[in-house]
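Quick note, the sequences are listed as chains E and A, same order. The first sequence begins at 3 in the numbering used here and counts up one residue at a time. The second sequence begins at 3 in the numbering used here and counts up one residue at a time. We put the beta carbon where it would ideally sit given N, CA and C, even for glycine. To start, the structure itself, in structure tokens.
There are 2 protein chains.
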Amino acid sequence: MNAAQLEQLEARAKIIKALAHSTRLFIVNELSKGERCVCELQEEIGADISTVSKHLSVLKNAGIVVDDKRGLQVYYRLCCPCILNFFGCIENVIQENARKQTALVREA
Amino acid sequence: MNAAQLEQLEARAKIIKALAHSTRLFIVNELSKGERCVCELQEEIGADISTVSKHLSVLKNAGIVVDDKRGLQVYYRLCCPCILNFFGCIENVIQENARKQTALVREA
DNA sequence: TTTCTATTTGGTATTATAGCCAAATACTCC
DNA sequence: GGAGTATTTGGCTATAATACCAAATAGAAA
Numbered sequence: 003m004n005a006a007q008l009e010q011l012e013a014r015a016k017i018i019k020a021l022a023h024s025t026r027l028f029i030v031n032e033l034s035k036g037e038r039c040v041c042e043l044q045e046e047i048g049a050d051i052s053t054v055s056k057h058l059s060v061l062k063n064a065g066i067v068v069d070d071k072r073g074l075q076v077y078y079r080l081c082c083p084c085i086l087n088f089f090g091c092i093e094n095v096i097q098e099n100a101r102k103q104t105a106l107v108r109e110a
Numbered sequence: 003m004n005a006a007q008l009e010q011l012e013a014r015a016k017i018i019k020a021l022a023h024s025t026r027l028f029i030v031n032e033l034s035k036g037e038r039c040v041c042e043l044q045e046e047i048g049a050d051i052s053t054v055s056k057h058l059s060v061l062k063n064a065g066i067v068v069d070d071k072r073g074l075q076v077y078y079r080l081c082c083p084c085i086l087n088f089f090g091c092i093e094n095v096i097q098e099n100a101r102k103q104t105a106l107v108r109e110a
């Protein structure tokens, strides 16, 4: 693994890491339906607004969302909707895991 | 965000988190070319073998790879190659970020 | 059985992440 | 300008992740 390769892998990991949290996945899912302001997301999530803001900044920093200040509110929206394609594969993995689990139990 | 929804998001996050590390992305990429045993991966990665083994167990635990012991070696292979489809989108995000970066610099 | 080799597991130190509260900003409206 | 509102930032604590070393395990070969 050389330096250039490591750098590329770390750049990828950074983006994937930004998605690797249930709250941020929730946000991505919400934004897939359209833009939302911070307070709307905060209400649905139920965490402290500063927590929500920090999750949004992780997503923004990774380039997954963009923000747009209008009046008092800041609106966020998905920047790369291709991210949504991940979930089909992820669900496959989850179902496959469940299948293996039942197979193991049956075996015992 | 109700309990069932949270549970689903956490299941997804677990799998994404398993991918969110440069070493594990390297492993996934290697395995996309075919199965590898731990010592082959260790040699390419250059970390302690216990470190590599733990990375593999994270991937295995997430259901991304499966292992197969043959003789003294344990061979790992990708379980859900659809994971590889992620990287196109990730690279998009990276390039888009680079584009924005240059635009910002030009602006200044 | 004993020895050797590949891998995993346990322990531990270091670093990163997540959450809350309080304080700072930024902007609107009076 | 001053008050009020939405959001971000800084500080702190608790928890989780990473990496290494050393020890344990599993199986092969002698």
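Can you confirm whether residue i, when its beta carbon is compared against all beta carbons of chain E, has any partner nearer than 8 Å?
i              : result
L43 (chain A)  : no
L106 (chain A) : no
S34 (chain A)  : no
I65 (chain A)  : Correcting the residue identity first, residue 65 (chain A) is Gly in this sequence and not Ile. Yes, because at least one Cβ of chain E sits closer than 8 Å to the Cβ of G65 (chain A).
A5 (chain A)   : no
S24 (chain A)  : yes
K19 (chain A)  : yes
L74 (chain A)  : no
I29 (chain A)  : no
E12 (chain A)  : yes
Using a beta-carbon distance below 8 Å, is residue i in contact with chain A?
i             : result
A15 (chain E) : yes
N87 (chain E) : yes
E37 (chain E) : no
E46 (chain E) : yes
S52 (chain E) : no
E98 (chain E) : yes
V95 (chain E) : yes
L8 (chain E)  : yes
Identify every residue that forms a DSSP beta bridge with residue i.
i             : result
C39 (chain E) : E:Y77
D69 (chain E) : E:Y78
Whose CA, out of the options, lies closest to the CA of residue i?
i             : options                     : result
I29 (chain E) : E:A100, E:I96, E:C81, E:E98 : E:C81
C91 (chain E) : A:A15, A:L8, A:M3           : A:A15
N31 (chain A) : A:N94, A:G48, A:F89, A:D69  : A:F89
C84 (chain A) : A:G65, A:A105, A:V54        : A:G65
M3 (chain E)  : A:L106, A:L43, A:I17, A:S34 : A:L43
G48 (chain A) : E:A5, E:E45, E:L33, E:A20   : E:A5
V60 (chain E) : E:D69, E:K71, E:A20         : E:A20
Which first and last residues belong to the alpha helix (DSSP H) in which residue i is found?
i              : result
L58 (chain A)  : 51-63
L106 (chain A) : 88-109
I2 (chain E)   : Shown here, chain E extends from 3 to 110; a query on residue 2 (chain E) therefore has no answer.
S24 (chain E)  : 24-33
Within the chosen definition, does the region 6-23 of chain A reach the region 18-28 of chain E through at least 3 CB pairs nearer than 8 Å?
The region 6-23 of chain A is in contact with the region 18-28 of chain E.
Check whether the region 37-48 of chain E and the region 68-82 of chain E touch, using three or more Cβ-Cβ pairs below 8 Å as the test.
yes
Tell me, please, whether the region 91-105 of chain E touches the region 51-65 of chain E by the rule of three or more beta-carbon pairs shorter than 8 Å.
With the cut-off at 8 Å, the region 91-105 of chain E and the region 51-65 of chain E do not touch.
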